[in-house]
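Novice: Going line by line, the protein sequences match chains A and B. Residue numbers for the first sequence, in full-length UniProt numbering: 1 to 123. Residue numbers for the second sequence, in full-length UniProt numbering: 1 to 123. Pasting a structure here, questions to come.
Number of protein chains: 2
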Amino acid sequence: MTNSNAPDARDAVDPAVRAELGRLRDSIDNIDAAVVHMLAERFKCTQQVGHLKAHHALPPADPAREARQIERLRELAESAKLDPAFAEKLLNFIISEVIRHHEQIAADNSSPWGSPRTESGGV
Amino acid sequence: MTNSNAPDARDAVDPAVRAELGRLRDSIDNIDAAVVHMLAERFKCTQQVGHLKAHHALPPADPAREARQIERLRELAESAKLDPAFAEKLLNFIISEVIRHHEQIAADNSSPWGSPRTESGGV
């Protein structure tokens, strides 16, 4: 009976199991905090890259660099027993955010009188 | 002239700028390696959570826990000067992968004769 309904099953769960679940979730929360702080540091780096690129008229995206990053991360993921396809999807997700930032920086730098998109609330 | 064409602009770039770009990219690569290893550890934890849930007939997804995680990560992101909306999208991206794993574990545990999806190459 307890297995047929999720909330009931939850209430009936062994306190030792709940304690173990709590222990694992504490670790997950610690890891998430670490990842958020690592990514904050990563975006500080990519913001600097964005400014360098904008000031030296380099394109926001760099497909060759991205291909090398993806290849390297897939290898690292494999050695860490993480699904390489997931690592690739994640990097693409982060890179698309970075490119969005770089385009904003480039737009802000492209004209001494500001971005033409300002009028319509862009950038 | 050099600014009108991206590859030419790239070739013409100051060696000091290229060195600075290299330095920043080395940091980005180090951070990415750290994130991949943190996430490998995170998936080890969530796999254990998945097995606990499957063995005790708890549902794979837990909306109340996820809402608390998102709220906490948005606060952490803000204090680390990371876009909270990005942190939330990222966590949702990771959670959807975790739920996929949990559903696989639950399917593998649901029947003593194995998953009905095995025949069609699933799970």
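Just so you know, even glycine gets a beta-carbon here, dropped at the ideal spot from N, CA and C. What you are looking at is a predicted structure, and each value in this text was computed from that prediction instead of being measured.
Give a yes or no on whether the C-beta atoms belonging to B/A40 and A/L82 are separated by under 8 Å.
Specialist: Contact flag set, yes.
Novice: Using the three-state DSSP reduction, which class does B/P116 fall into: helix, strand or coil?
Specialist: Bear in mind that the predicted position of B/P116 carries a pLDDT of just 35, short of 50, making it unreliable; the figure below should be weighed with that in mind. It is helical.
Novice: To the nearest angstrom, how far is the alpha carbon of A/E97 from that of B/A87?
Specialist: Computed Cα separation, rounded: 11 Å.
Novice: Taking Cβ positions only, does A/E103 come closer than 8 Å to chain B?
Specialist: False, the Cβ-Cβ gap to chain B never drops below 8 Å.
Novice: According to DSSP, is A/D62 helix, strand or coil?
Specialist: Reduced to three states, the DSSP call for A/D62 is coil.
Novice: Whose C-beta lies closer than 7 Å to the C-beta of A/Q69 among residues of the same chain, with five residues either side of it excluded?
Specialist: For A/Q69, where only same-chain residues beyond five positions count, the Cβ hits under 7 Å are L91.
Novice: For A/H37 and chain B, any beta-carbon pair shorter than 8 Å?
Specialist: Yes, A/H37 counts as interfacial toward chain B.
Novice: Can you list the residues of chain E that B/S27 reaches, using a CB-CB cut of under 7 Å?
Specialist: Annotation note: the requested chain E is absent from the structure, which comprises protein chains A and B.
Novice: Sorted by chain position, which residues of the same chain lie with C-beta nearer than 6 Å to B/E109's C-beta, five sequence neighbours on each side aside?
Specialist: Before going further, note that residue 109 of chain B is Asn rather than Glu in the sequence given. Only A54 meet the Cβ criterion.
Novice: Against B/H56, what residues of chain A qualify as contacts under a CB-to-CB distance less than 8 Å, listed in chain order?
Specialist: By Cβ distance, chain A contributes A9, V13, D14, V17.
Novice: Would A/A12 be called buried (16 or more neighbouring beta carbons within 10 Å of its own) or exposed?
Specialist: Per the 10 Å Cβ criterion, exposed.
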